[in-house]
Ligand code: HEM
Ligand code: SF4
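Protein chains in written order, with the numbering used here: chain F, 2 to 555; chain R, 294 to 498.
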């Protein structure tokens with residue numbers, strides 16, 4: 002992974018000093034709440050329901066064992082001994098003290114970490130596929146460009162105070178796993194007819210209150226121009242994005258208002274001035290950064306391992322875990338392992354300090370000391386030898402990190418919701434827990450198969466409910482908590498936004514509602530059809546009919 | 294004590310006396326407060342009118358001295374201001390909801406203006422950075438470019454890198470204290486108006 006040189010280190014150190022002084026001035030009453038707000042937000046600090054919340058950047062989801070240990074220690078020392086991995090691959094602490102945050106950032110800086118631009122109206126952490134660099138279907142590893150873009154966007158002098166937050170995702174695989182279409186800018190890397198690295202650029206996607214999938218603004222962009230092109234896009238947005246209404250301030254609203262053709266015309270006009278200027282990435286700079294993302298020193302291994310095959314054959318629990326939590330790798334004899342942060346009945350994405358240490362040790366012993374976080378809120382050991390899988394499983398299981406539910410109904414994506422977030426309409430974690438308990442039967446879960454269930458506590462959509470096969474949204478009705486259900490959302494190349502099935506439900510009804518949606522699927526599915534395929538084939542009607550029929554007779 | 298910070302050609306910052314008189318139109322009436330969904334709208338949209346015809350007409354323009362005049366006043370009252378321009382006594386204020394093109398359209402050569410100020414009503418309005426950048430890089434403005442309005446020390450580093458070389462710190466804050474923030478970072482990653490990205494600046498290999 003990328004390693005800081007003295008310039009990177011100096012920037013984060015200077016940032017800590019700057020923020021320390023800003024916080025001092027705020028506490029001394031020299032800065033108003035309003036003035037301090039964007040400053041703390043751009044250091045990841047929200048003021049939330051119980052306490053501030055600190056969001057620490059995990060750039061494109063890549064983290065070392067050393068860094069994870071540090072996070073574990075910080076959570077222990079300054080928080081309540083746990084952290085929360087978010088849907089944007091970052092780590093959040095739910096209970097730090099404001100006065101401690103400069104010190105936390107100083108500790109982070111010692112392991113080349115920070116909380117820069119993890120919040121606020123600026124360019125946020127750039128996200129990507131958790132299997133970048135190892136996925137068999139990868140065409141281009143986008144991480145070097147992602148790192149170059151991280152640096153470019155860090156304290157960008159022109160884009161420090163945009164109309165609203167700005168999220169960029171990059172992906173270089175055949176099957177999109179980074180939801181590029183749900184981002185302000187999505188960059189899809191591919192090889193063009195000349196065999197050169199090129200980028201298809203999507204713009205104007207975003208979930209939130211007005212879910213919109215992105216539109217392709219440019220089919221073919223040479224990689225050298227990615228910075229100048231993004232700069233042109235964001236410049237047009239900075240000037241014309243709506244600042245008069247926070248709910249209409251995202252770039253997606255501007256793109257819709259102007260129409261993609263007019264928006265594109267303005268971008269191209271702007272780009273004409275920037276293209277081929279100093280922002281053009283040199284081969285030198287790409288090579289400098291790319292050397293940090295070269296393939297690991299893999300051994301030459303046979304594709305099969307007899308002891309592994311025997312363990313799978315004789316141990317059903319291990320076999321179940323392999324089926325759900327072990328993902329393919331491009332190098333023979335290696336696999337990726339997803340450590341589930343979704344044990345049934347616990348807050349999705351939460352991880353304790355002790356678990357962080359266990360995971361860091363696993364990474365050191367079995368996966369070159371590196372880890373990835375996924376937007377599904379799990380952790381990944383990307384480079385495990387097949388012959389080590391059994392040992393990894395045993396240790397992960399002991400630490401409660403081996404629930405074999407990856408990609409299944411209980412691998413729920415869930416925002417912090419009403420338990421933590423002051424914007425929430427409703428709680429989301431207890432709903433996730435109740436659904437996990439309702440389906441706490443692995444055989445049944447396997448029978449249901451691949452299914453994504455996403456929960457957000459309000460229309461800000463932090464839990465990506467719009468793109469869940471089943472989406473659950475907290476709504477407020479006369480001051481009490483209700484839940485609206487959608488079906489048919491999907492992430493990926495054929496992304497779609499779910500359709501609402503009807504009037505909302507109380508918290509107690511929710512596990513039953515999910516149960517009935519599943520009943521329809523099990524009744525109607527053909528052959529190998531997944532839940533989402535059945536919804537796409539049949540539409541919402543049969544699901545709606547069954548859910549509300551039961552409700553009326555109940 | 295002056296609130297004006299100025300960068301010398303060598304980048305040295307100092308607090309200097311302000312030689313310019315700011316021409317400010319009278320306040321508009323209560324009815325001009327715009328609301329949306331019950332909330333007062335804090336930012337004007339790009340292209341939105343800055344002052345009403347009545348405000349423009351009622352603006353008093355001092356007869357002598359260097360005057361800093363809003364673009365809309367210049368547009369409406371050019372005739373009476375022409376001699377001041379010729380005398381080098383006219384600077385223009387561009388508001389963040391106005392466009393650099395509108396300013397450009399008024400002057401065949403922007404460099405006949407000794408001073409352009411960009412007025413930011415709320416510090417969180419990042420359009421000021423793009424405007425600064427455009428004036429310097431696109432429109433070739435070489436004279437003094439000043440940030441005025443809700444100008445606070447925590448944005449100064451960005452203002453500077455977006456091409457501003459003078460900063461009128463908000464009246465209730467110390468310009469002296471603000472000086473320090475101009476040097477928050479010693480080796481920024483990306484280019485600014487006056488420099489190139491770090492990988493073109495230094496050898497990082
Ligand atoms: C608890 C404090 C949090 C607050 C106050 C908060 C606030 C918000 C707001 C206001 C939005 C909507 C922005 C817009 O549409 O313009 C949003 C979107 C989002 N949040 Fe959060 N959030 C919080 C925590 C989280 C967490 C823990 C995650 C990850 C699990 C997360 C992930 C996201 C994502 C992915 C979006 C993007 C949806 C989109 O594309 O528009 N947020 N958040
Ligand atoms: S979706 Fe709403 S409730 Fe959930 S974290 Fe985001 S803002 Fe809070």
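Note that CB positions come from ideal geometry on N, CA and C, so glycine has one too. Values in this document were obtained by computation on a predicted structure and should not be read as measured data.
How many angstroms separate the CA atom of residue 371 of chain R from the CA atom of residue 421 of chain F? 57 Å
Look up residue 401 of chain F in the DSSP assignment and say whether it is helix, strand or coil. coil
Fully enclosed by the region 399-472 of chain R, which beta strand (DSSP E) runs are 3 residues long or longer? 408-413, 437-442 and 459-461
Cβ pair count under 8 Å reaching 3, the region 137-145 of chain F against the region 429-445 of chain R: These segments do not touch.
Rounded to whole angstroms, what's the CA-CA distance from residue 496 of chain F to residue 362 of chain R? Just pull it up for me. If you take the alpha carbons of residue 496 of chain F and residue 362 of chain R, they lie about 52 Å apart.
Closer than 8 Å is the cut-off here; do at least three beta carbon pairs connect the region 376-383 of chain F with the region 126-133 of chain F? yes
Since residue 85 of chain F is in the beta strand (DSSP E), which residue starts that stretch and which ends it? 83-86
Given that residue 480 of chain R touches chain F, what residues does it touch there, using C-beta distances under 8 Å? 8, 11 and 12
If you reduce the DSSP assignment to three classes, tell me which class residue 555 of chain F lands in. A caution first: residue 555 of chain F carries a pLDDT of 48, below 50, which makes its placement in the model too unreliable to give a value.
Are residue 376 of chain F and residue 88 of chain F close, meaning C-beta to C-beta below 7 Å? yes
Find the residues of chain R that neighbour residue 158 of chain F, judging by a C-beta separation of less than 7 Å, and give them in chain order. 422, 451, 454, 455 and 485
Which residue or residues does DSSP assign as beta-bridge partners of residue 455 of chain F? F:414 and F:472
Verify the CB distance criterion: does residue 28 of chain F have a CB-CB separation below 7 Å to chain R? no
Quick one, which of F:276, F:156, F:540 and F:71 has its alpha-carbon nearest residue 122 of chain F's? F:156
Does DSSP classify residue 321 of chain R as helix, strand or coil? coil
Does the beta-carbon of residue 253 of chain F have 16 or more other beta-carbons within 10 angstroms, so that it is buried, or is it exposed? buried
Hey, would you say the C-beta of residue 461 of chain F is under 6 Å away from at least one heavy atom of the ligand SF4? yes
Is the closest heavy atom of the ligand SF4 to the C-beta of residue 97 of chain F under 6 Å? no
Compute the beta-carbon to beta-carbon distance between residue 436 of chain F and residue 452 of chain F, rounded to the nearest angstrom, for a pair I have assumed lies under 8 Å. With 8 Å as the limit, residue 436 of chain F and residue 452 of chain F do not qualify as a contact, their Cβ atoms being about 11 Å apart.
Which of the three DSSP states is assigned to residue 20 of chain F in this structure? Helix.
Listing by chain order, which chain R residues have their CB less than 7 Å from the CB of residue 286 of chain F? Here the neighbours are 492.
How many Å lie between residue 447 of chain F and residue 318 of chain F at the Cα? 13 Å
With respect to the alpha helix (DSSP H) encompassing residue 65 of chain F, which residues constitute its N-terminal and C-terminal limits? Taken as a continuous stretch (DSSP letters only), residue 65 of chain F belongs to no alpha helix (DSSP H), being part of the beta strand (DSSP E) at 63-65.
Residue 190 of chain F in three-state terms, based on DSSP: strand
Could you say if the region 164-172 of chain F and the region 482-494 of chain F meet the contact criterion of at least three C-beta pairs nearer than 8 Å? no
Uninterrupted beta strand (DSSP E) stretches inside the region 278-357 of chain F (no shorter than 3 residues): 335-340 and 351-353
Below 6 Å, is the gap between the Cβ of residue 425 of chain F and the nearest heavy atom of the ligand SF4? yes
Name the residue from F:464, F:145, F:431 and F:110 whose alpha carbon lies nearest to the alpha carbon of residue 286 of chain F. F:145
Where does residue 509 of chain R fall in DSSP's three states? Limits of chain R in this structure are 294 at one end and 498 at the other, which puts residue 509 of chain R out of reach.
Helix, strand or coil at residue 313 of chain R [DSSP, three-state]: strand
Simplified DSSP state of residue 500 of chain F, which is helix, strand or coil: strand
List the residues of chain F whose Cβ lies closer than 7 Å to the Cβ of residue 336 of chain R, in chain order. 244 and 245
Among F:190, F:196, F:490 and F:149, which one has its Cα closest to the Cα of residue 497 of chain R? Among F:190, F:196, F:490 and F:149, the Cα nearest to that of residue 497 of chain R is on F:149.
Let me check understanding here. Comparing Cα to Cα, which of F:525, F:428, F:465 and F:354 lies closest to residue 79 of chain F? F:354
Chain-ordered chain F contacts of residue 468 of chain R [CB-CB under 7 Å]: The premise fails here: residue 468 of chain R is roughly 14 Å from chain F at the closest Cβ pair, so nothing lies under 7 Å.
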